[in-house]
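**Q**
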Amino acid sequence: IPDEIKAALEPIKDNEEAVKAYGIHLGTEMCRKILAHGIKTLHLYTLNMEKSALAILM
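To get the numbering used here, take the position in the sequence shown, counting from 1, and add 572.
1) CB L616 to CB A627, shorter than 8 Å?
2) Could you round the C-beta distance between Y594 and I606 to whole angstroms and report it? I think they count as a contact, below 8 Å.
3) Is DSSP giving T600 helix, strand or coil here?
4) Determine the closest residue to T618 out of I596, E601, A608 and G610, with distance taken between C-alpha atoms.
5) What does the alpha-carbon distance come out to for the pair T600 and I573?
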């Protein structure tokens with residue numbers, strides 16, 4: 573895990589909702605960057621966290 577992500581998670585590590593929100597934010601930003609570089613499709617593995625995956629797609 574990159575140090576910047578560890579640093580962002582440290583103050584919220586005990587707040588499940590904040591950690592989920594950060595993960596959604598991070599996933600959304602990653603998808604935007606990938607799509608901006610010409611990739612046409614994405615495949616998200618939900619690992620039974622379909623609500624988070626749907627939030628990224630919204």
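Positions of the beta carbon are idealized from the N, C-alpha and C atoms, including for glycine. From a predicted model like this one, the values you see are computed outputs, not experimental measurements.
**A** Straight from the coordinates:
1) no
2) Not confirmed; about 19 Å, so no contact.
3) helix
4) Ranking the options by Cα distance to T618, first place goes to I596.
5) Answer to the nearest angstrom: the Cα atoms are 17 Å apart.
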